[in-house]
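Chains as they are written, first to last, in the working numbering: chain A, 80 to 199; chain B, 36 to 146.
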């Protein structure tokens, strides 16, 4: 089945550093990728939608200059948390929508396993 | 008021019992309804995906959608300890757009 890989799975870094998270669709092309954030015991909150070759669309309240999204190819999207602070510590999950309509008719989004970000 | 309401639980049931989960929503434009299972520190895994109202069955899982009441349900028959996880409902206006998630219900199936 379709697989979405996220890397790294866990990262710990000092306050003020920037962290890049990768989201790859391994066996399908994804025209759209979604980035979510999930705090402990809370639901997934959509941060932004990225389409290959164009600028990401951010949800209300999400700082686009802080959470930089690049979707340079049909199989890769990256989320960079710039100048991260402890309040940015969370579980970040990406999902990918297959380009092939027949593929997503049964499953509209394939999720990665998430990246646990801890800012000290 | 949240667009999707889901009781966070925890919901504890003995092995073999039926697990009953539900969500309510306020946006009448939602047409696509999903249930995901999420283990701790993992991404969501799709269990059921339905369009509009009706029932859908897949193995031990049954999903129901009642659009008139804006209410969806997931039933898990013959529950197993391996079913212990957080179950998230999600819904969207179209099959390719963004999804709105419930808070998730933690389910514990005890041997």
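Positions of the beta carbon are idealized from the N, C-alpha and C atoms, including for glycine.
None of the values given here were measured: they were computed from a predicted structure.
{"Item": "Proximity below 8 Å, CB of residue 126(B) to CB of residue 84(B)", "Value": "no"}
{"Item": "C-beta contact flag for residue 50(B) and residue 145(B) at 8 Å", "Value": "yes"}
{"Item": "Three-way DSSP call (helix, strand, coil) for residue 156(A) in this model", "Value": "strand"}
{"Item": "Boundaries (first-last residue) of the beta strand (DSSP E) holding residue 125(B)", "Value": "120 to 127"}
{"Item": "Beta-bridge partners of residue 109(A), as assigned by DSSP", "Value": "177(A)"}
{"Item": "7 Å Cβ shell around residue 84(A) - same chain, five flanking residues per side excluded", "Value": "103, 105 and 191"}
{"Item": "Contact list for residue 192(A) against chain B, beta-carbon separation under 9 Å", "Value": "76, 77 and 78"}
{"Item": "Cβ pair residue 155(A), residue 90(A) closer than 8 Å", "Value": "no"}
{"Item": "Boundaries of the beta strand (DSSP E) in which residue 68(B) is found, first to last residue", "Value": "67 to 73"}
{"Item": "Residue(s) in a DSSP beta bridge with residue 52(B)", "Value": "None; residue 52(B) has no bridge partner."}
{"Item": "Straight-line gap, residue 61(B) to residue 149(A) (C-alpha atoms, nearest Å)", "Value": "33 Å"}
{"Item": "CB contact below 8 Å: residue 172(A) versus chain B", "Value": "yes"}
{"Item": "Helix, strand or coil at residue 40(B) [DSSP, three-state]", "Value": "strand"}
{"Item": "Rounded straight-line distance, which links the Cα of residue 193(A) to that of residue 95(A)", "Value": "22 Å"}
{"Item": "Span separating the alpha-carbon of residue 36(B) from that of residue 59(B)", "Value": "11 Å"}
{"Item": "Of the residues 88(A), 140(A) and 171(A), the one placed nearest residue 112(A), counting alpha carbons only", "Value": "171(A)"}
{"Item": "Burial state of residue 122(B), where buried means 16 or more other Cβ atoms lie within 10 Å", "Value": "buried"}
{"Item": "Rounded straight-line distance, which links the Cα of residue 115(A) to that of residue 113(B)", "Value": "32 Å"}
{"Item": "DSSP-derived helix/strand/coil call for residue 169(A)", "Value": "strand"}
{"Item": "Cut-off 7 Å between Cβ atoms - residues of its own chain near residue 167(A), not counting five sequence neighbours on either side", "Value": "160, 196 and 198"}
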